[in-house]
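To keep things clear, I will list the structure first and then write my remarks on it.
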Amino acid sequence: MEIIVTHKNADFDALSSLVAASIIYPHATPIVPKTLNPNVRAFLSIHKDLFPLLDLGAIDLEKVTRLVVVDTAQRARVEGISDLLARPGVEIHVWDHHEHRSDDIQATVLYQENVGSATTLLVAEMEKGEARISPIQATLFLAGIYEDTGNLTFSNTTAKDARAAAYLLEQQADLNVLKNFLRPAYGLKQKQILFEMLQHSRRTKLNGYHISINKVPIEGHTPGLAVVVDMYQDIVNVDAAFGIFTDRGKARTMVIGRSEVAGLNMGMIMRSMGGGGHPGAGSALLRKVNPDAVEEWIVELIKGNQQSSVRIGDLMSFPVMTVSLETPMEEVAAILRKTGYTGVPVVEGKKIAGIISRRDFRKVKKASQLKAPAKAFMSGKVFDIPPESSVLQAARIMIKHDIGRLPVVENGDLIGIVTRSDTMRYFYDMLPD
Ligand SMILES: [Mn+2]
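Following this line, the structure appears as structure tokens:
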């Protein structure tokens, strides 16, 4: 059998992706997660009978041959399927719009695009297949897209999201129903928190942006904090707003952020804190932390964002010491010795043909082989990077592939080189003046 699952604390995008996937995979059973956001729960309590969703408990997982995961690729965010993920022979399809992470679920088929909502990808697929969508399904799908893109206003919104929304309106999505469900999480408790935030509201200018960070004590489970931060940001009118909500009894702190500007990627900031999100909105759950320290941490992360405006092109060394395909190995060795470099690109004209590093000399077994040309020992697999990349991107490639230097390539030509110590120096702010 086939099942469709999504992340816990399901939002509208998660729920609508579940239902949308059940149209694309007509033989698959959509499984509703145990925890739902309050507005999703409210929607389902009224519309449950219209959507044939099952609990995971009703499924014999032994019989599952195909698993479809929607609106997340993170293992930890999907409950109850770790055995299934580990079982060989299970076909796994992932539909997700979050940035791909190396520890994500290993998909047999991965549909990943950086669009505003996961629903967008599934709706685009449906439109291609000319699937029939009922008005109530169209309404739910539009709720998914609207919630994740802030009604197509968040900076993560793409033309594809707007196109999918247009298609759903053509399929009679009902904006009145939508309006009632998209913001119902705002009640008395949320109102009190918002008022408290406004009373203690402070604005600061960081890295050229107007920021407001607000620390609020909360007690017990408090849903709808994202909506509160959203409204708070609207009212105080800043580029980015953060709520640091601490429940002292449970020693838990929920950090929620909203950003209106492309230069402040909230998802990136929250990922640095162990959470996640999109460029426009994100959150992180921290245990046993001091809210003041969290505030400082956020300030540091925002300041750090400024650094990401430095591009690899600013940091690289050039001209680059290179050797040709025919340079004898003994000459390469002499160059490495003289310069202290751990490796040197092998070029053919301006194009990189390979790279030769100290490690490659381990392959040299006899002295006579030192007369052989570089092309015989070089590694032809070269990772390179364009000059407009960020330092973080370069660091990621070097760490992932355990390489110490990355050729910088523009229009196919080698224009510079960046080393691991360049990036380290940059991160630790030890740039020589
Ligand atoms: Mn989503």
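Its first residue numbered 78, the sequence shown is counted upward by one per residue in the numbering used here.
Quick reminder that beta carbons are idealized off the backbone N, C-alpha and C, glycines included.
Just so it is clear, the structure is predicted and the values come from calculations on it, not from any experiment.
According to DSSP, residues forming a beta bridge with residue i
i: Val-147; result: Thr-83, Trp-172
i: Leu-138; result: Answer is none; Leu-138 lacks a bridge partner.
i: Gln-189; result: Asp-173
i: Tyr-223; result: Answer is none; Tyr-223 lacks a bridge partner.
i: Thr-323; result: Pro-294, Thr-330
i: Tyr-286; result: Leu-283
i: Lys-428; result: Glu-425
i: Val-495; result: Leu-483
i: Ala-361; result: Val-332
i: Gly-420; result: Ser-434
i: Ser-394; result: Ile-494
i: Ile-108; result: Leu-131
i: Arg-388; result: Ser-467
i: Ile-462; result: Val-485
i: Ala-318; result: Ser-289, Arg-335
i: Ser-456; result: Ile-432
DSSP-derived helix/strand/coil call for residue i
i: Asn-116; result: helix
i: Ala-91; result: helix
i: His-355; result: coil
i: Glu-156; result: coil
i: Ala-184; result: coil
i: Pro-103; result: coil
i: Asp-311; result: helix
i: Ala-339; result: coil
i: Val-400; result: strand
i: Arg-414; result: helix
i: Pro-450; result: strand
i: Leu-511; result: The chain is shown only over 78 to 510; residue 511 falls outside these bounds and no answer can be derived.
i: Lys-346; result: Strictly speaking, residue 346 in this sequence is Ile, with Lys absent from that position. If DSSP states are grouped into helix, strand and coil, Ile-346 belongs with the helices.
i: Ser-278; result: coil
Check whether residue i and residue j have beta carbons under 7 Å apart
i: Ala-150; j: Asp-180; result: no
i: Leu-402; j: Lys-440; result: no
i: Leu-229; j: Ala-220; result: no
i: Ile-312; j: Ile-375; result: no
i: Ala-97; j: Phe-218; result: yes
i: Phe-322; j: Val-293; result: yes
i: Val-109; j: Leu-130; result: yes
i: Thr-112; j: Leu-95; result: no
i: Ala-250; j: Ala-215; result: yes
i: Val-155; j: Ile-81; result: no
i: Phe-454; j: Asp-437; result: yes
i: Ile-182; j: Arg-152; result: yes
i: Gly-357; j: Ser-336; result: yes
i: Ala-370; j: Ile-333; result: no
i: Leu-59; j: Ala-472; result: Beyond the ends of the chain as shown, which are 78 and 510, falls residue 59; an answer cannot be given.
i: Val-485; j: Ile-389; result: yes
i: Val-459; j: Thr-500; result: no
i: Asp-307; j: His-287; result: no
i: Asn-284; j: Ile-379; result: yes
i: Gly-493; j: Gly-457; result: no
i: Val-141; j: Leu-162; result: no
Assigned exposure category for residue i - 16 Cβ within 10 Å defines buried
i: Pro-212; result: exposed
i: Ile-158; result: buried
i: Val-198; result: What sits at residue 198 in the sequence shown is Leu, not Val. By the neighbour-count rule (16 or more Cβ atoms within 10 Å), Leu-198 is buried.
i: Ala-91; result: buried
i: Asn-114; result: buried
i: His-175; result: buried
i: Thr-416; result: exposed
i: Ala-184; result: buried
i: Ala-105; result: buried
i: Asp-148; result: buried
i: Ile-476; result: exposed
i: Gln-248; result: buried
i: Ser-122; result: exposed
i: Asp-490; result: exposed
i: Asn-488; result: exposed
i: Ser-394; result: exposed
i: Met-507; result: Because Met-507 sits at a pLDDT of 37, beneath the cut-off of 50, its placement in the model cannot be relied upon, and the point is left open.
i: Met-347; result: buried
Residue i versus residue j: straight-line alpha-carbon distance, rounded
i: Thr-234; j: Met-343; result: 14 Å
i: Met-398; j: Met-345; result: 35 Å
i: Phe-272; j: Lys-237; result: 37 Å
i: Thr-281; j: Arg-178; result: 32 Å
i: Ala-208; j: Ile-100; result: 8 Å
i: Ile-433; j: Gly-481; result: 12 Å
i: Glu-168; j: Ala-87; result: 23 Å
i: Tyr-309; j: Met-274; result: 8 Å
i: His-124; j: Ile-270; result: 30 Å
i: Leu-362; j: Arg-325; result: 13 Å
i: Phe-231; j: Lys-205; result: 26 Å
i: Arg-279; j: Pro-368; result: 16 Å
Within-7 Å CB hit, residue i to chain B
i: Ala-135; result: Among the chains in the structure shown there is no chain B, since it carries only a single protein chain.
Any non-hydrogen atom of ligand 3 within 6 Å of residue i CB
i: Asp-148; result: Ligand 3 is not part of the structure shown, which contains ligand 1 as its ligands.
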